[in-house]
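K.L.:
Here's a structure for you.
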Amino acid sequence: MPFPMNRRAFMGTTGGLLLAGGVAARPLRAAEEAGWPAMPPVRVYVVYLGTGGAWPKPEFDAPKEIEDKFAPYLAGVEERLGDVELVGGDLIRNHAKMAEDLLPKIDEAQADAILVVHLSFGNAAPFKVFAGTGRRVAIYSQPFSGHDWMYVPRLQKQGFRLIMAPSRDLAEIDRLVALLRVPVRMKQSKIVLLGNPGCAAGTDAAKDFDLVRARLGPEIVQITPPEFVKVHESIDAKAAEEEAEEYWISQAREIVEPSREEIVKSCKTYLAMKKIMLEHGARAITVKCLGGIPIDTLGYPCLGFSRLLDDGLVGACEADIDSTLTMLMFLYATGQPGFITDPLIDTGKNAVIHAHCVAPTKMDGPASQRLPFSIRTHRDDNRGASLEVFMDRDIGRKVTWAKVANLETILVKTGTIVEIPDFDDRGCRTQVVTEVDDARALFARWGGGVLPDGMMALLHRVLFYGDHVDNVRDMAHLMGLTVLLEGKEMAEPAEAGEEA
């Protein structure tokens, strides 16, 4: 019995809001407004599983429950997320044969993923049938729908890529559907790597572009510095001046060291990055910025990275592929940008100091209010233009930092913003102190035993606002990755390796 998805049941507008689990509404809107083409909607086939029985109760009326509760709510999910299309809506008995019989319809609908709304008692066999198609599966199961939830962790350990929210909170459906987008969007994505051949930094697996494509989905396109300089030369000087004035100079708390000319140069580099990304259909760019591009000609790309992150795209430092992948996955899952950092342990504060010379100014996502910032030189050499972003209004906020490692593992840790430090202007320009549960344990277990000895691979983490541990765990199941809580869990030590 099909229950067609009613897209007229929810007419509200929610662009830019945060939904359940820190998931952003309409995360791709800002990129479209910045000139990027719309991505096709992720098609999710909805299956209502279970027509009745002992649980939830013998007189349970599944069609009425769907019509009164779930169908209207799912129409709202589609509207709120903005880049998903919910199709199907079939009600079937909780039996493997019924699930198998539905597969041709799911194929015909060209569904990218499957959402199962678990209504009544069974043995979880349909979960296995749906996940066996190779599509990612998310299951929402409210209390007293049955005991099927027990089997999901076992199926996950067997390698089936499915997730479940056993919860009374309907808002968990928004989160599940948002996470289903990640594997689909990653396969649709391209990353521009700007630098000479061999410049990619990070784990060895991440520097194997064919392996990145096979395991996580994105295609990596290499652009050399001479090619980029030609694009940079083609950028209209007036457009760069307007970008500098409107987005940076007029909005800055202070311009400390850089000249206006230097800021405009950086904005010209941003427009060149944007042009190349649009030409290649890329949603992310990472640049070998330290020693890999002519700084006298291009300036530093820091302002451009921040602008891209503010617009719902990815700009990542130092040709770090692992961190770029991390940022891209979080972007598709939550709609939030990441602050790529050089972390420092501070046991005197039981904290980690996160520092870098660039950060997004919209840490809560493209529709959020900008954080205050000053325009500074890059601290490593006191050249170019970079950013000091001030997060002091967010003291007390929970944050998560993470990193994809070896295309196999996600390291994750949470903390709380407690301070904006002042160490005599030492280190990178943007800094934030995050209190953790045990800084000494984090110091002792840094890298979780999965990262090599190369400085870039071992050092960088990406910080996001909010507590995303549950999102990371579910995202990992969908992507076929392992999760390690950094500072608490250790894998078998990886062989040490140096970066290229």
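Numbering (this note's numbering), first residue to last: 1309 to 1808.
Virtual Cβ for every residue (Gly too), placed ideally from N, Cα, C.
Mark THR1655 as exposed unless 16 or more other C-beta atoms lie within 10 angstroms of its C-beta, in which case mark it buried.
P.N.:
exposed
K.L.:
Between which residues of its own chain and GLY1525 is the CB-CB distance below 6 Å, once the five residues before and five after are set aside?
P.N.:
Answer for GLY1525: MET1494, LYS1495, listed in chain order.
K.L.:
For ILE1422, which residues of its own chain have a beta-carbon under 6 Å away from its beta-carbon, when the five flanking residues on both sides are left out?
P.N.:
The answer, listed in chain order, is TYR1353, PHE1438, ARG1443, VAL1445.
K.L.:
For GLU1341, which of ASP1730, LEU1789, ALA1675 has the nearest alpha-carbon?
P.N.:
ALA1675
K.L.:
Using a Cβ distance threshold of 8 Å, determine whether the region 1550 to 1557 contacts the region 1455 to 1475, with at least three qualifying pairs required.
P.N.:
no
K.L.:
For chain C, is any of its Cβ atoms less than 8 Å away from the one on GLU1375?
P.N.:
This model lacks chain C altogether, as it is built from one protein chain only.
K.L.:
Between the C-alpha atoms of LEU1336 and THR1642, what's the straight-line distance to the nearest angstrom?
P.N.:
Roughly 11 Å separates the two Cα atoms.
K.L.:
Can the beta-carbon of ALA1295 be found less than 8 Å from the beta-carbon of GLY1607?
P.N.:
This structure cannot settle anything about residue 1295, because the visible part of the chain is limited to 1309 through 1808.
K.L.:
According to DSSP, MET1472 sits in a beta bridge with which residue or residues?
P.N.:
ILE1447
K.L.:
Between the C-alpha atoms of SER1449 and VAL1660, what's the straight-line distance to the nearest angstrom?
P.N.:
Roughly 38 Å separates the two Cα atoms.
K.L.:
Can you tell me the Cβ-Cβ gap for VAL1720 and GLU1626, rounded? I've got them flagged as a contact below 8 Å.
P.N.:
With 8 Å as the limit, VAL1720 and GLU1626 do not qualify as a contact, their Cβ atoms being about 21 Å apart.
K.L.:
Once you ignore the five residues that flank PRO1609 on each side, which residues in its own chain have a CB closer than 6 Å to its CB?
P.N.:
THR1577, VAL1595, CYS1597
K.L.:
If you follow the alpha helix (DSSP H) that LEU1484 is part of, which residue opens it and which one closes it?
P.N.:
1479 to 1495
K.L.:
Buried or exposed: where does PRO1602 fall if 16 or more other Cβ atoms within 10 Å of its Cβ makes it buried?
P.N.:
exposed
K.L.:
Could you spell out the range, first to last residue, of the alpha helix (DSSP H) harbouring PRO1380?
P.N.:
1379 to 1389
K.L.:
Grab me the residues of VAL1740's own chain with a C-beta within less than 7 Å of its C-beta, minus the 5 sequence neighbours each way, in chain order.
P.N.:
Answer for VAL1740: HIS1662, MET1699, ILE1725, ILE1728, listed in chain order.
K.L.:
Taking 7 Å as the limit between beta carbons, can you name the residues of its chain near PRO1505, skipping five residues before and five after?
P.N.:
GLN1530
K.L.:
Hey, quick one: how far does the alpha helix (DSSP H) through VAL1777 stretch, first residue to last?
P.N.:
1777 to 1787
K.L.:
With a floor of 4 residues, list each alpha helix (DSSP H) that falls wholly inside the region 1601 to 1640, ordered by position along the chain.
P.N.:
At a cut-off of 4 residues, the continuous stretches assigned as alpha helix (DSSP H) that sit fully inside the region 1601 to 1640 are 1603 to 1606, 1610 to 1618.
K.L.:
By the 10 Å Cβ neighbour count, where 16 or more other Cβ atoms means buried, how is PRO1366 classified, buried or exposed?
P.N.:
Sixteen is the threshold: since fewer than 16 other Cβ atoms of the shown chains lie within 10 Å of the Cβ of PRO1366, the residue is exposed.
K.L.:
Check each candidate in PRO1566, VAL1520, SER1558, ILE1584 and name the one with the smallest Cα separation from SER1542.
P.N.:
Cα-wise, what sits closest to SER1542 is ILE1584.
K.L.:
Measuring CB to CB, does ASP1672 end up less than 8 Å from LEU1487?
P.N.:
no
K.L.:
When DSSP labels each residue in this structure, what does VAL1572 get in the three-state scheme?
P.N.:
DSSP places VAL1572 in helix when its eight states are reduced to three.
K.L.:
Under three-state DSSP, which class holds PHE1517?
P.N.:
helix
K.L.:
Give me the Cβ distance between ILE1653 and ALA1747, rounded to the nearest whole Å; I'm assuming they're in contact under 8 Å.
P.N.:
Contact flag correct, Cβ pair sits at about 6 Å.
K.L.:
CA-CA distance, PRO1760 and LEU1766?
P.N.:
6 Å
K.L.:
Please classify ILE1703 as buried or exposed, where buried requires at least 16 neighbouring CB atoms within 10 angstroms.
P.N.:
Under this definition ILE1703 is an exposed residue.
K.L.:
In chain order, what residues of the same chain lie with their CB nearer than 7 Å to the CB of ALA1667, ignoring the 5 residues before and after it?
P.N.:
SER1614, PHE1647, LEU1695, VAL1697, THR1738
K.L.:
In the DSSP assignment, what residue or residues form a beta bridge with PRO1651?
P.N.:
HIS1662
K.L.:
Can you tell me which of the three DSSP states TRP1709 falls into?
P.N.:
Here DSSP, grouped into helix, strand and coil, assigns TRP1709 to strand.
K.L.:
Using the three-state DSSP reduction, which class does THR1669 fall into: helix, strand or coil?
P.N.:
coil
K.L.:
One question on the structure: do GLU1743 and LYS1670 come within less than 8 Å of each other, judged by their Cβ atoms?
P.N.:
No. Outside cutoff.
K.L.:
Please state whether DSSP places THR1577 in a helix, a strand or coil.
P.N.:
helix
K.L.:
Using 10 angstroms around the beta-carbon of LEU1586, count the other beta-carbons present and answer buried if the total reaches 16, otherwise exposed.
P.N.:
Exposed.
K.L.:
Since PHE1435 contacts ALA1362 with CB under 8 Å, what's their CB separation in whole angstroms?
P.N.:
So it is not a contact: roughly 19 Å between Cβ atoms.
K.L.:
When burial is assigned at 16 or more other CB atoms within 10 Å of the CB, is ASN1690 buried or exposed?
P.N.:
exposed
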